[in-house]
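**Student:** Residue numbers (the working numbering): 2 to 97.
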């Protein structure tokens, strides 16, 4: 995430509050970037290819380096939508 530090701070505070409220204590060395790592790892565990996970989190990935950056222009719209819906359902199950 780039941009407004106030938004990052609010998210970090809400996560910390939720962890304390659920008896997990204060998070150590936590940052908003951990969301990207968690989502990418979670999508791979749910069966999505690494290139799809890269696209969901806005990461360039290794397939778009060198000649791939010039030739590969697929936008992954359908794959991203499916991945995000699946991730949302997974998070809903974990949180309920």
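Virtual Cβ for every residue (Gly too), placed ideally from N, Cα, C. Treat the numbers as computed from the prediction; the structure is a model and nothing was measured.
Looking only at C-alpha atoms, which of 26, 28, 29 and 57 sits nearest to residue 41?
**Tutor:** Taking only the C-alpha atoms, the option nearest residue 41 is 57.
**Student:** Would you check if the distance between the CB atom of residue 25 and the CB atom of residue 91 is smaller than 8 Å?
**Tutor:** Not in contact: residue 25 and residue 91 (Cβ atoms no closer than 8 Å).
**Student:** Applying the criterion that 16 or more other CB atoms from any shown protein chain within 10 Å of the CB defines a buried residue, is residue 55 buried or exposed?
**Tutor:** Label assigned to residue 55: buried.
**Student:** Anyone know if the C-beta pair for residue 84 and residue 49 falls short of 8 Å?
**Tutor:** Going by C-beta atoms, residue 84 is nearer than 8 Å to residue 49.
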